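Residue numbers (my numbering): 18 to 420.
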């Protein structure tokens, strides 16, 4: 099983490519939770994710024959970029197989780091099958995204940095996809002189590790569904599951709504952009998914910041809805002069700000002498939403909340 000496050895290799990322105190989230919150900003890592650490260590440990043959992997995101950059820095030829519909931004980034990119199949499974065919055909080494002890050791260097930069740490909160990151971090932290608790977090729609722990053996999920695409993995690895079972104190889950709230809070309050998987540890803390003491020093590991801009727009909007900051409503007015102005006056009196209005006289769902109005509103929280809706209904408007 992975040991602390593996991680110390990995550090010497990883330091050649990866950055020692910041660990910063968060006044905002400490005040919100009552804990002493320090954010591990792996979002500032090269390629925008922790994956460069494990990829660098795995490629650096190749034999001369393996280096000559090159490497291959399958990924639609962070692992692809990590392998591409690590291989280029080590002078090793790399092929990355990505699904045909991989985000263009991630496709371009992977190519820019020096890898040959092949597009194949509808999803990750198809891409991985093709990558393994290339492994067999060309004798390349397959670089697994998580279920490889060299990869796990590389990710574990984050744990060493946390222990050094925050020796008073009590709890570290880590996202779990396949389990490589938390396996490395837990191994590093459990070898320290003081006792440090390690909490793993999964999205409810991709909680295969939590399910496997509850049932005592690895369980594979046929499908996963979460906005945290970086941890949307159907089952933990064989190596990672054993480490998690032995060294991780607790594994909890969070909803997509809770992830969206945390992502929006990080962006607005800490000016920190994270992807869904990166927001998961803070989501667990903000939603009280695990118990902690007042003033406890807690380090959420924000593992990556590579989020597609279209996804970011959707997630931010979800976060605003969940916190009562955005409201979309529908009502029906009499089709007469001044009716829309009267409605706007009521909204203004209740201190809501209008983003957009759609005014439609042609809808088949309303009377001939009526007009349907759909309004997008900026609101100030759940209490304000209730006040606004109550005020509109008092004025005789029948209001349907759409979002």
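In this text, a Cβ means the ideal position worked out from N, Cα and C, and glycines have one as well.
All values derive from a computational prediction rather than experimental measurement.
On the three-state DSSP scale, how would you describe residue 235? coil
Are the stretch 263-273 and the stretch 232-240 touching by the rule of at least three beta carbon pairs closer than 8 Å? no
Sub-9 Å separation of residue 179 and residue 136 beta-carbons: no
First and last residue of the beta strand (DSSP E) that includes residue 393? 387-395
Quick check on residue 330: buried or exposed, where buried means 16 or more other Cβ atoms within 10 Å of its Cβ? exposed
Our contact map puts residue 216 next to residue 301 with C-beta atoms below 8 Å; I'd like the distance itself, whole angstroms only. 7 Å
Contact set for residue 21: own chain, Cβ-Cβ below 7 Å, skip 5 residues either direction: 204, 205 and 208
Taking residue 169 as the reference, which of 289, 18 and 403 has the closest Cα? 18
Per DSSP, the bridge partner or partners of residue 133: 112
To test your reading of the DSSP string, which unbroken alpha helix (DSSP H) runs of 4 or more residues are found completely within the stretch 54-135? 68-77, 81-86, 95-107 and 121-129
Residue ranges of each beta strand (DSSP E) within the stretch 128-215, 3 or longer: 133-136 and 188-192
Return the CA-CA distance between residue 62 and residue 171, expressed in angstroms with no decimal places. 13 Å
Within the stretch 328-405, ranges of the beta strand (DSSP E) (whole runs, at least 3 residues): 343-351, 370-377 and 387-395
As a quick exercise: from 86, 45 and 55, pick the residue whose alpha carbon is nearest that of residue 427. The chain is shown only over 18 to 420; residue 427 falls outside these bounds and no answer can be derived.
Residues that DSSP places opposite residue 268 in a beta bridge: 217
Going by beta carbon distance, what residues of the same chain come within less than 6 Å of residue 86, once the five residues before and after it are set aside? 156 and 157
Going by DSSP, which residues form a beta bridge with residue 42? 55
Does DSSP classify residue 319 as helix, strand or coil? strand
Around the Cβ of residue 427, are there at least 16 other Cβ atoms within 10 angstroms (buried) or fewer (exposed)? No statement about residue 427 is possible, as the shown extent of the chain runs from 18 to 420 and does not include it.
Residue interval of the alpha helix (DSSP H) (run including residue 298): 293-303
Sequence-distant residues of its chain with Cβ nearer than 6 Å to residue 327 (five each side left out): none
Could you tell me which residues DSSP pairs with residue 263 in its beta bridges? BP columns for residue 263 are empty, so no partner.
Do you know offhand how far residue 177's Cα is from residue 414's? 60 Å
Helix or strand or just coil, what does DSSP make of residue 285? helix
Comparing C-alpha positions only, which one of 401, 186 and 38 sits nearest to residue 210? 186
Three-way DSSP call (helix, strand, coil) for residue 314 in this model: strand
Would you call the stretch 111-128 in contact with the stretch 78-85, where contact means no fewer than 3 C-beta pairs closer than 8 Å? no
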